[in-house]
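Start counting the sequence shown at 13; every next residue gets the next number (my numbering).
Virtual Cβ for every residue (Gly too), placed ideally from N, Cα, C.
No experiment lies behind these values; they were computed from the predicted model shown.
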Amino acid sequence: MINIPTSRLPVTSTDFLVIGSGVAGLLAAIELSRYGEVLVLTKDEASAGSSGHAQGGIAVVLSDEDEITFHFDDTIAAGAGLCNEEAVRVLVEEGPDHILELIAWGARFDREGSKLAFTREAAHSKRRIVHSHGDSTGKEVVRSLLAHVKTLRNIRKFDYHYTIDLLMHDGACYGVYLLDERKKEISAITAKATVLATGGSGYLYQRTSNPSVATGDGMAMAYRSGAKLVDMEFVQFHPTTLYLPGAPSFLLSEAMRGEGAKLLNIFGRKFVGNYHPERELAPRDIVSRAIVSEMVSTKSFHVYLDLTHLDAAFVRRRFPQIYSTCLSYGIDITRDRIPVSPAAHYMMGGVETDLDGATNLPGLFAAGEVACTGVHGANRLASNSLLEGIVFGTRAGKAAARYGEQIHTLPDRIANPYADRPVAAHESPAELNELRGMLRKLMWDRVGIIRCGKSLSEAVERLQDWTPCLEEIYHEKNGLELQNMITVATLITRAALERRESVGAHYRTDFPEQTTTVKQHRIQQSA
């Protein structure tokens, strides 16, 4: 049971606050540590987020055969006309130096002899994806960053501390309200500047490649505080995750198709070429819809990813984590076809920021998947996500440090905003799990890969039935997460209903064509 003080909250102060310990959060913290004390908060252990689950690699122009212009053009094309071209240019131009810096800090990327090894993934015109340990790139990058953080005296890290809300004063952000999950105590932490790096919201969907921590917390708390959110209808579904009863939706990297894996329907026939000339290397949104369409036409729950024609030793060496995981479920990927289906993977939208991570709320910055600079447009190019976190996490850290220089005093007496809130009626673990399951099924069934006005309207009505939950106070983290899930699910669904066209990852059967000729972005902001 959470201990909720009746009047004022205990207060801790720091110079800078970072919420989240993935790639974007750690890079922001490293940058901020040059200017003062930094506190990094994470609701689980530091390596639990989506960054560590990233398999394929990092798209970056370091090959002699590649050019910045090619990476720029590929990103723009994948984004279906909605990319912020200035953000894309920042990403592709600043990326190479950041990767070289990671290597200098100890990150180990795969090599061919003395040179970096590159692979190709869907919608890339060149082999530009650097990777680590075959298919464990995110894990290696997070490892190297955490190791570097340990050498910096100005950074403290609090694991298992759940951020409930932003601490706002006179329209500016001065920190957060915090739940210590182990002590079950609520307190306040004040800071000159706060960086949101809380990741995405894939766990709102019944099938997702994301870990269970991806509940959209940062987006929800920013929205409640008056931050602008943009492009929330653009949820990317990864085409290939493991489909086995009782097994998680384990991601099967895009790089597998880049190395020659084929997609087959349940009758063993190739089909992606019927939907796009690039076949297996078409953009993710197109491949995911092709798979769903094929599943419908063949009355099946999955298709197959086939690597059996590739050299077995190469497959085991190139994809060791995927090989061992599938083998644990009785599938030898060098001999057996892998049953796969799409799953929610990435949020292109998020908290609207400029190119330095600044939001419309003074003192609040955001970077990584929680943020939206417009760099991905309506559909993210494969392996641009880690690069985004690296480039824009660093930029957000620098900007937050500059902002902090003008803040000379912090609030020291913080009233408890939760003292008078009604206690939630549904608080048992069983009840919370049931509600979360219902929400995730609703989003998968009604706001998934293929949408229509009828299904979206039904989802909006159902979500409205749950809005009373948002006015209550929960005594457990799972309940607080549920509130955030309801908030973000509503934002996604309303944005999808309002966009009466199909573009990128947002596809509606009642409006199957892209109808706008100018960039239109839907901004959502609480009253």
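Self-check item: Candidates Ala390, Leu399 and Ala394, of which the one nearest Ala379 by Cα
Solution: It is Leu399 whose Cα lies nearest to the Cα of Ala379.
Quiz item: For Cys338, which of Tyr255, Asn391, Ala411 and Gly449 has the nearest alpha-carbon?
Solution: Nearest C-alpha to Cys338: Tyr255.
Quiz item: By a C-beta neighbour count over all protein chains shown, 10 Å radius and 16 as the cutoff for buried, is Ile80 buried or exposed?
Solution: exposed
Quiz item: Who are the near neighbours of Met13 in its chain, counting only those whose CB is closer than 8 Å to its CB and skipping five residues on each side?
Solution: Bear in mind that the predicted position of Met13 carries a pLDDT of just 45, short of 50, making it too unreliable to give a figure here.
Quiz item: Of the residues Ser305, His288 and Ala413, which one's Cα is nearest the Cα of Asn277?
Solution: Ser305
Quiz item: Taking only runs of the alpha helix (DSSP H) that begin and end inside the segment 191-245, which ones reach a length of at least 4 residues, in chain order?
Solution: Correct list: 229-236.
Quiz item: What residue from Ser156, Gly150 and Gly465 has the CA that sits closest to Glu113's CA?
Solution: Ser156
Quiz item: Starting from Ile303 and walking both ways along the alpha helix (DSSP H), at which residues does that stretch end?
Solution: For Ile303, the uninterrupted alpha helix (DSSP H) segment begins and ends at Arg296 to Ser309.
Self-check item: Beta-carbon proximity check, Leu29 vs Thr206, cutoff 8 Å
Solution: Cβ distance < 8 Å, so Leu29 and Thr206 count as in contact.
Self-check item: CA nearest to the CA of Leu241, picked from Val247, Phe249, Gln248 and Ala232
Solution: Ala232
Quiz item: By a C-beta neighbour count over all protein chains shown, 10 Å radius and 16 as the cutoff for buried, is Ile485 buried or exposed?
Solution: In the assembly as shown, Ile485 is a buried residue. Its beta-carbon has 16 or more other beta-carbons within 10 Å.
Quiz item: Is Tyr186 closer than 8 Å to Ala203 when the C-beta atoms are compared?
Solution: yes
Exercise. Please say whether Glu77 and Ala394 have beta carbons closer to each other than 8 Å?
Key: no
Quiz prompt | Within 8 Å, strictly: CB atoms of Leu263 and Leu317 | solution = The Cβ atoms of Leu263 and Leu317 do not sit closer than 8 Å to each other.
Exercise. Flag this pair as yes or no: are the beta carbons of Arg347 and Gly146 separated by less than 8 Å?
Key: no
Quiz item: Does the Cβ of Glu266 have 16 or more other Cβ atoms within 10 Å, making it buried, or fewer, making it exposed?
Solution: Per the 10 Å Cβ criterion, buried.
Exercise. Between the Cα of Gly91 and those of His388, Glu106, Thr528 and Ala471, spot the shortest distance and give me the residue it belongs to.
Key: His388
Quiz item: Run through DSSP, which three-state label would Pro579 get?
Solution: What is shown of the chain runs 13 to 539, which leaves residue 579 out entirely.
Quiz item: From this set, Ile535, Arg534 and Met497, which residue's C-alpha is nearest Gln218's C-alpha?
Solution: The candidate whose alpha carbon is nearest that of Gln218 is Met497.
Self-check item: Buried or exposed by the 16-neighbour rule on C-beta atoms within 10 Å, applied to Thr149
Solution: buried
Practice problem: Along the alpha helix (DSSP H) that carries Thr406, what are the first and last residues, could you check? | Solution: Ser397 to Gly416
Practice problem: Report the partner residues of Ser25 according to the DSSP bridge assignment. | Solution: Beta bridge pairing from DSSP links Ser25 with Thr202.
Practice problem: Could you spell out the range, first to last residue, of the beta strand (DSSP E) harbouring Phe121? | Solution: Looking at the DSSP string, Phe121 is not in any beta strand (DSSP E), and its letter there is neither H nor E.
Quiz prompt | Strand pairing of Ser353, partner residues [DSSP] | solution = Beta-bridge partners of Ser353 (DSSP): Thr253.
Practice problem: May I ask you to verify whether the segment 511-530 touches the segment 286-306, counting CB pairs closer than 8 Å and requiring at least 3? | Solution: yes
Quiz item: Cα separation between Leu103 and Arg20?
Solution: Taking the straight line joining both Cα atoms gives about 44 Å.
Practice problem: Output the boundary residues of the alpha helix (DSSP H) element that contains Tyr486. | Solution: Per DSSP, Tyr486 belongs to no alpha helix (DSSP H) and is neither H nor E.
Exercise. For Arg140, count neighbouring C-beta atoms within 10 Å of its own C-beta (all shown protein chains included) and say buried if the count is 16 or more, exposed if not.
Key: buried
Quiz item: Which partner residues does Leu178 have in the DSSP bridge list?
Solution: Val188
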